[in-house]
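Q:
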Amino acid sequence: MIDLHVHTAFSDGSQTPTELVEEAALRGLTAVAITDHDTVDGLPEALAAGERLGVEVIPGVEINLEHERVTMDMLGFFFAAPPSRELREELTRLRAYRDERNAHILGRLAALGLPLDPEELAAIGGGGAVGRPHIGEAMVRRGYVSSIGEAFELYLRRGAPAWVDRRRLSLGHALRLLGASGALAALAHPGIIRTDAAGLDRIVRAAARGGMAGLECYYPLHDEETVHRCLALAEKYRLLPTGGSDYHGTVKPEARLGIGSLGRPVPDSVLGDLRRLAGERLLPQG
């Protein structure tokens with residue numbers, strides 16, 4: 450069993466990289482891709498744990514971006530170690546913007562009579578990036594809400610009183626950055642992108658022309674019809690199907706490591722196809 454979309458405490462997951470890889474080993478997974486939001490800082494720890502425990506750890510990242518006024522996420526797999534300087538610098542900038550966004554969210558919550566301590570948030574984040582799930586957890590601890598889900602529904606989701614938008618990369622820029630680091634790019638959870646079928650087709654076509662290699666067809670919130678629709682898109686634009694649980698630990702307890710929330714494992718063949726393509730891209734041309 451494999452999982453090509455997981456998050457650690459270096460972004461908005463609840464587990465350290467070591468804890469996550471240990472759980473993967475306990476659950477019988479043979480490979481996981483660490484795809485933290487806007488950071489690769491957790492990879493050295495995860496790779497060391499994977500080597501010790503016999504779990505293949507694929508270096509990855511997840512970057513938020515925008516194309517034609519539609520927001521989405523792009524996954525990158527198998528990039529060089531270390532990633533290119535340009536990618537690392539851009540990720541650092543995105544993390545700084547995330548911190549600014551958090552400060553604005555805390556300001557809005559305080560204005561609503563729901564103050565939170567930034568130091569408490571940093572402790573919840575475990576030294577990694579702090580995101581809305583950590584803010585939601587702090588709200589639960591303060592007794593403002595009964596669950597992280599309630600925090601999102603009442604205050605933190607798009608359109609809610611404490612919502613603050615974030616800075617995003619353009620599709621083309623994200624693909625260039627990932628390509629410069631030798632990464633294979635794959636559009637994350639296309640079935641939940643806020644657009645219609647024609648809009649999704651345009652996005653996938655543009656991304657494929659820009660060098661994208663894969664499409665995350667197997668995802669917990671994709672029903673069977675959506676999976677088949679995504680597989681058809683992948684075939685249409687000669688993309689490799691990928692998949693993962695979007696596991697965040699206790700932050701998203703419904704998304705279980707390896708099988709997501711619907712109990713469907715990702716086919717092992719997905720990793721083999723990605724690995725072969727990554728190897729082909731490293732071969733000398735001509």
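Just so you know, the numbering used here puts 598 at position 149 of the sequence shown, and the rest follows in order with no gaps. For each residue, glycine too, the CB sits at the ideal point set by N, CA and C.
#1: To the nearest angstrom, report how far apart ALA600 and GLY621 are at their CA atoms.
#2: Look at the Cβ atom of ASP485, then the Cβ atom of HIS456, and state whether they are nearer than 9 angstroms.
#3: Compare the Cα-Cα distances from GLU684 to each of GLU665, PRO669, HIS697, LYS701 and report the closest residue.
#4: What residue ranges within the segment 562 to 621 form continuous alpha helix (DSSP H) runs of no fewer than 4 residues, ordered along the chain?
#5: If you draw a straight line from the C-alpha of ASP614 to the C-alpha of ARG550, how long is it?
#6: Whether or not the segment 512 to 523 and the segment 555 to 565 are in contact is what I'm after, with contact meaning three or more pairs of Cβ atoms, one per stretch, closer than 8 angstroms; do they touch?
#7: Which residue from THR488, ALA572, ALA552 puts its Cα closest to that of SER533?
#8: Can you say whether LEU453 is buried or exposed, counting buried as having 16 or more other CB atoms within 10 angstroms of its CB?
#9: Report yes if the CB atom of MET450 is closer than 9 angstroms to the CB atom of LEU636, and no otherwise.
#10: Going by the CB atoms, is the gap between ARG537 and GLY580 shorter than 9 angstroms?
#11: If we ignore side chains and look at the alpha-carbon of each, how far apart do PRO733 and GLY585 end up?
#12: In this structure, does DSSP put ARG705 in helix, strand or coil?
#13: Would ALA498 be called buried (16 or more neighbouring beta carbons within 10 Å of its own) or exposed?
#14: From the DSSP output, in three-state form, read off TYR667 for me.
#15: Count the other C-beta atoms from every protein chain shown that fall within 10 angstroms of the C-beta of ALA458, then say buried if there are 16 or more, exposed otherwise.
#16: Please classify ALA482 as buried or exposed, where buried requires at least 16 other C-beta atoms within 10 Å of its C-beta.
#17: In terms of residue numbering, what span does the beta strand (DSSP E) encompassing ILE507 cover?
#18: Mapping DSSP to helix, strand and coil, what is LEU732?
#19: Can you have a look at GLY721 and say buried or exposed, based on whether 16 or more other CB atoms are within 10 angstroms of its CB?
#20: Taking just the CA atoms, how far does ARG557 sit from ALA727?
#21: Would you grab the beta carbon distance between VAL504 and LEU478 for me? Rounded to a whole angstrom, and I think it's under 8 angstroms.
#22: Going straight from the alpha carbon of LEU706 to that of GLU472, what length do you get?
#23: Given a cut-off of 9 angstroms, decide if PHE528 and SER460 are closer than it, judged by their beta-carbon atoms.
#24: Buried or exposed: ASP695, going by 16 or more other Cβ atoms within 10 Å of its Cβ?
#25: Please report how far the alpha carbon of LEU469 lies from the alpha carbon of THR675, in whole angstroms.
#26: Using only the alpha-carbon positions, how far apart do SER718 and ARG590 sit?
#27: From which residue to which residue does the alpha helix (DSSP H) around ILE554 run?
#28: Please list the terminal residues of the continuous beta strand (DSSP E) segment that includes GLY648.
A: From the atom records:
#1: Position 151 of the sequence shown, counted from the start, is the residue given in the question as residue 600. Position 172 of the sequence shown, counted from the start, is the residue given in the question as residue 621. When only Cα atoms are considered, ALA600 and GLY621 end up about 34 angstroms apart.
#2: Residue 485 sits at position 36 when you count from the first residue of the sequence shown. Residue 456 sits at position 7 when you count from the first residue of the sequence shown. By the CB criterion at 9 angstroms, ASP485 and HIS456 fall inside the cutoff.
#3: Against the sequence shown, residue 684 aligns to sequence position 235. Answer by Cα proximity: GLU665.
#4: 567 to 574, 581 to 591, 597 to 600
#5: Residue numbering aside, residue 614 sits at position 165 when the sequence shown is read from its first letter. Residue numbering aside, residue 550 sits at position 101 when the sequence shown is read from its first letter. Between ASP614 and ARG550, the C-alpha separation is close to 7 angstroms.
#6: no
#7: Walking along the sequence shown from the start, residue 533 turns up at place 84. Nearest Cα to SER533 within the set THR488, ALA572, ALA552: THR488.
#8: Residue mapping note: residue 453 aligns to position 4 of the sequence shown, counting from 1. Flag for LEU453 reads buried.
#9: As a first step, residue 450 is located in the sequence shown; it is residue number 1 there, counting from the start. As a first step, residue 636 is located in the sequence shown; it is residue number 187 there, counting from the start. Their beta carbons are not under 9 angstroms apart, which means MET450 does not touch LEU636 by this criterion.
#10: Residue mapping note: residue 580 aligns to position 131 of the sequence shown, counting from 1. Residue mapping note: residue 537 aligns to position 88 of the sequence shown, counting from 1. Not a contact, by the Cβ cut-off of 9 angstroms.
#11: Translated into positions along the sequence shown, residue 733 becomes position 284. Translated into positions along the sequence shown, residue 585 becomes position 136. Low confidence applies here, because PRO733 scores a pLDDT of 44, under 50, leaving its location unreliable and the question unanswered by this model.
#12: Locating residue 705 in the sequence shown gives position 256, where the first residue counts as 1. It is a strand residue.
#13: As a first step, residue 498 must be located in the sequence shown, where it is residue number 49. By the neighbour-count rule (16 or more Cβ atoms within 10 Å), ALA498 is buried.
#14: For the purposes of this step, residue 667 is taken as the residue at position 218 of the sequence shown. Here TYR667 sits in strand by DSSP.
#15: To locate residue 458, count along the sequence shown from 1; it is residue 9. ALA458 comes out buried.
#16: The residue you call residue 482 lines up with position 33 of the sequence shown. That one is buried.
#17: Within the sequence shown, numbered from 1, the residue matching residue 507 stands at position 58. From DSSP, the beta strand (DSSP E) with ILE507 extends over 505 to 516.
#18: In the sequence shown, the residue the question calls residue 732 occupies position 283. A caution first: LEU732 carries a pLDDT of 45, below 50, which makes its placement in the model too unreliable to give a value.
#19: Sequence index remark: in the sequence shown, residue 721 carries index 272 (1-based). Result: exposed.
#20: As a first step, residue 727 is located in the sequence shown; it is residue number 278 there, counting from the start. As a first step, residue 557 is located in the sequence shown; it is residue number 108 there, counting from the start. In a straight line, the C-alpha of ALA727 is about 44 angstroms away from that of ARG557.
#21: To locate residue 504, count along the sequence shown from 1; it is residue 55. To locate residue 478, count along the sequence shown from 1; it is residue 29. At roughly 6 angstroms, the Cβ-Cβ gap stays under 8 angstroms, so VAL504 and LEU478 are in contact.
#22: In the sequence shown, counting from the first residue as 1, residue 706 sits at position 257. In the sequence shown, counting from the first residue as 1, residue 472 sits at position 23. Straight-line Cα distance between these residues: approximately 8 angstroms.
#23: By one-based count along the sequence shown, residue 460 stands at place 11. By one-based count along the sequence shown, residue 528 stands at place 79. Cβ distance not < 9 angstroms, so SER460 and PHE528 don't count as in contact.
#24: On the sequence shown, residue 695 is found 246 positions in, with the first residue counted as 1. That one is buried.
#25: Translated into positions along the sequence shown, residue 469 becomes position 20. Translated into positions along the sequence shown, residue 675 becomes position 226. Rounded to the nearest angstrom, the two C-alpha atoms are 28 angstroms apart.
#26: Sequence index remark: in the sequence shown, residue 718 carries index 269 (1-based). Sequence index remark: in the sequence shown, residue 590 carries index 141 (1-based). Straight-line Cα distance between these residues: approximately 42 angstroms.
#27: Residue mapping note: residue 554 aligns to position 105 of the sequence shown, counting from 1. 534 to 560 is the extent of the alpha helix (DSSP H) around ILE554.
#28: On the sequence shown, residue 648 is found 199 positions in, with the first residue counted as 1. Careful: GLY648 lies outside any beta strand (DSSP E), inside the alpha helix (DSSP H) at 646 to 658.
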